[in-house]
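Q: Residue numbers (the working numbering), protein chains in the order written: chain A, -16 to 281; chain B, 2 to 260.
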Ligand SMILES: Nc1ncnc2c1ncn2[C@@H]1O[C@H](COP(=O)(O)OP(=O)(O)OP(=O)(O)O)[C@@H](O)[C@H]1O
Ligand SMILES: [Mg+2]
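1) Take residue 4/A and list the residues in its own chain whose beta-carbon comes closer than 7 Å to its own, dropping the five residues that flank it on each side.
2) List, from N- to C-terminal side, the alpha helix (DSSP H) runs of 4 residues or more that fit wholly inside the stretch 52 to 97 of chain A.
3) I need the residues with a C-beta less than 7 Å from some heavy atom of ligand 4; please give them in chain order.
4) Note down, in chain order, every chain B residue with its Cβ under 7 Å from the Cβ of residue 186/A.
5) Quick check on DSSP: helix, strand or coil for residue 7/B?
6) Should residue 192/A be flagged as near chain B, meaning a C-beta pair shorter than 8 Å?
7) Do the stretch 159 to 175 of chain B and the stretch 128 to 137 of chain B make contact, defined as three or more Cβ pairs closer than 8 Å?
8) So is residue 199/A in contact with chain B if we call contact Cβ pairs under 8 Å?
9) Could you pull the DSSP bridge partners for residue 55/B from this structure?
10) How many Å lie between residue 142/B and residue 176/B at the Cα?
11) Near residue 62/A, which residues of its chain fall below 8 Å by C-beta distance, leaving aside the five closest residues on each side in sequence?
12) Helix, strand or coil: which one does DSSP assign to residue 2/B?
13) What does DSSP give as the partner residues of residue 86/B in its beta bridges?
14) How big is the Cα-Cα spacing for residue 238/B and residue 196/A?
15) For residue 14/B, is the beta carbon positioned less than 7 Å from some heavy atom of ligand 1?
16) Counting only Cβ-Cβ distances shorter than 8 Å, please list the residues of the stretch 101 to 118 of chain B near chain A, keeping chain order.
17) Beta carbon of residue 200/A, beta carbon of residue 187/A: below 8 Å?
18) Let me check understanding here. Comparing Cα to Cα, which of 135/A, 117/A and 85/A lies closest to residue 102/A?
19) Can you find a C-beta in chain A that's less than 8 Å from the C-beta of residue 76/B?
20) For residue 209/B, which option in 126/B, 223/B, 92/B and 170/B has the closest C-alpha, if you only look at C-alpha atoms?
21) Residue 217/A to residue 9/A, Cα distance in whole Å?
22) Would you report the Cα separation of residue 68/A and residue 134/A, rounded to the nearest angstrom?
23) Can you tell me which of 16/B, 35/B, 28/B and 56/B puts its alpha carbon nearest to the alpha carbon of residue 7/B?
24) Cα-Cα, which of 105/A, 128/A, 243/A and 147/A is closest to residue 232/A?
25) Taking only heavy atoms of ligand 1 into account, decide whether any of them is closer than 7 Å to the Cβ of residue 39/B.
26) Would a C-beta distance cut-off of 8 Å place residue 150/B and residue 122/B closer than the cut-off?
27) For the beta strand (DSSP E) that residue 220/B lies in, which residues bound it at each end?
28) Does DSSP put residue 21/B in a helix, a strand or coil?
29) Where does residue 126/A fall in DSSP's three states?
30) Would residue 34/B be called buried (16 or more neighbouring beta carbons within 10 Å of its own) or exposed?
31) When you measure from the CB of residue 196/B to every non-hydrogen atom of ligand 1, does any distance come out below 7 Å?
32) Looking at residue 256/A: is its Cβ nearer than 8 Å to the Cβ of residue 219/A?
33) Beta-carbon within less than 7 Å of residue 17/A's beta-carbon, same chain only, minus the 5 sequence neighbours each way: which residues are those?
34) Quick one: grab the DSSP three-state call for residue 200/B.
35) Taking only heavy atoms of ligand 1 into account, decide whether any of them is closer than 7 Å to the Cβ of residue 58/B.
36) Using a beta-carbon distance below 8 Å, is residue -11/A in contact with chain B?
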């Protein structure tokens, strides 16, 4: 217990002695992990929005009313079952005219004047189609458009494709940058450790002389690197979390997309990132120790 | 306590600093290692501390073959050996007490034990009043006493001193020798490398003379004559009774253990 306090005290002294370089190392960890975590969060947002696009709907087929040459309500349900049997289609949800009006009222709840002038009977019934794979949207869209009972087909396929391209680019950029910065963070941390060893070379050589065990000599330096890595990581997690929360409150005014990432996501990845920061810190320390500790007598 | 069996040390550059050295030092002995500069005295000290590895031969310390000691056990070897050097190696950011306590802290001694042990050893070296001072507020002799206190605070079996009086004037050296003698009387084996003829001659202890890495003389109660070609021509050859060690020739300040 007293031993642990002694070791932690020693590493805090180290940190204070080269505060500037330590700050640099912490910032490197912070920036690298902020980028990585930011990329993760944006990705998650894209995923949530592509998967949950309008409650999982990839294609909406608005159906003609019977008086326009379309099917009656019962036949529309049968038609739903036919579409559902297509192999590209995962599920189909049928929204009848009454349902469409309910939805309309919900969406425009804040604009009663619009609801007032809208005739409930004007709104068409529709099929909300979720595809087995987004890549298949063109075929399905084409087939539905060709069907005379369908008034209009709307597909989110293009947007979805664009989003997944963006997501891929973000992935590569985010992880690439954070990898490069992560490596430089390791090198920066190893530099702070080298400096700390240099600043304490007299202490270290006395410690060796009086028989301090190797781990006892190393632990303060390892702790120093660990603290730098963890502090940087915690700062990164907090920053991205706060940014995402602000984005979320902003998102409440934009109705079409969701900016709400579950807390579970932050917690899970937060833990992973802090562990990662700790690993970066310890790796940097070990690098610094392996480069310099031998030089201080033996 | 210490046994060297045909120890040879060849440094990387090819310098042979120890050549087939065999030596047996018993528990409680006081041994001077003497010899000209570059003869290999410090090398033997470093070999005993495992700061250097032997090239050939075996070294036994307290019954253990330290040449075959795994690296992680070396700290435990060093805990049984106190070390004192010419340059004191004190930490300038710590007080006298803290310097001495440091040696116990870093080997994980409990705080309560450290306090009393530090007090005791500072008393032993006569620095009980100066515990709060920093090394740069002390004379050279006082600094060396701090360093001896640090070496001895853990009550090691062996005390290695490499030219402990090398930076000190003769009068101050006497004080240091008196402390080393006191430590030796408590049962600790003391090995001291030195150039100082006066001290060696006055103490009349075992003298191991080394030249070019070889033991050329090993005498109990020996003296230290100057070599035919003196390394330090400025040092006059002086008979023991004229030594500046003792202000009063009738009352030698250096205790003897010949009896
Ligand atoms: N690390 C080293 N690498 C190479 N040669 C060394 C090394 N250390 C010492 N030597 C050489 O080994 C020889 C013995 O050196 P050592 O330091 O043991 O002498 P010494 O008797 O202690 O001398 P002094 O009285 O001047 O302190 C010298 O020739 C020295 O140059
Ligand atoms: Mg020497």
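Beta carbons: idealized from backbone N, C-alpha and C, even for Gly.
A: Reading off the structure:
1) In its chain, beyond the 5 residues on either side, 174, 175 and 178 have a beta carbon closer than 7 Å to the beta carbon of residue 4/A.
2) Runs of the alpha helix (DSSP H) inside the stretch 52 to 97 of chain A: 56 to 67 and 80 to 90.
3) Absent from the structure shown: ligand 4. Ligands present: ligand 1 and ligand 2.
4) Neighbours of residue 186/A on chain B, chain order: 92.
5) Under the three-state reduction of DSSP, residue 7/B is assigned to strand.
6) Yes, contact with chain B.
7) No: the two stretches stay apart, fewer than three of their Cβ pairs being nearer than 8 Å.
8) True, the Cβ-Cβ gap to chain B drops below 8 Å.
9) BP columns for residue 55/B are empty, so no partner.
10) Approximately 8 Å, taken between the alpha carbons.
11) The residues are 46, 54, 110 and 132.
12) If DSSP states are grouped into helix, strand and coil, residue 2/B belongs with coil.
13) 163/B.
14) Residue confidence for residue 238/B is low, a pLDDT of 47 falling below 50, so the modelled location carries little weight and cannot support an answer.
15) At least one heavy atom of ligand 1 lies less than 7 Å from the C-beta of residue 14/B.
16) Residues of the stretch 101 to 118 of chain B that bring their beta carbon within less than 8 Å of a beta carbon in chain A comprise 103, 104, 106, 107, 108, 109, 111 and 112, in sequence order.
17) Taking 8 Å as the Cβ cut-off, residue 200/A and residue 187/A qualify as a contacting pair.
18) In terms of Cα proximity to residue 102/A, the closest of 135/A, 117/A and 85/A is 85/A.
19) Yes, residue 76/B lies at the interface with chain A (some Cβ there is under 8 Å from its Cβ).
20) Comparing alpha carbon positions, the residue from 126/B, 223/B, 92/B and 170/B closest to residue 209/B is 223/B.
21) One C-alpha to the other measures close to 10 Å.
22) When only Cα atoms are considered, residue 68/A and residue 134/A end up about 21 Å apart.
23) Cα-wise, what sits closest to residue 7/B is 56/B.
24) Looking at the Cα atoms, 243/A is the closest of the given residues.
25) Answer for residue 39/B: yes, Cβ within range of ligand 1.
26) In contact: residue 150/B and residue 122/B (Cβ atoms closer than 8 Å).
27) First-last of the beta strand (DSSP E) with residue 220/B: 215 to 220.
28) In this structure, residue 21/B counts as strand in the three-state DSSP scheme.
29) Three-state DSSP puts residue 126/A in a helix.
30) Buried, because 16 or more other Cβ atoms sit within 10 Å of the Cβ of residue 34/B.
31) Yes, the Cβ of residue 196/B comes within 7 Å of a heavy atom of ligand 1.
32) Yes.
33) If the five residues before and after residue 17/A are omitted, its C-beta is found closer than 7 Å to the C-beta atoms of 219, 222 and 223, all from its own chain and listed in chain order.
34) Here residue 200/B sits in helix by DSSP.
35) For residue 58/B, the CB stays at least 7 Å from every heavy atom of ligand 1.
36) It does; some Cβ of chain B falls within 8 Å.
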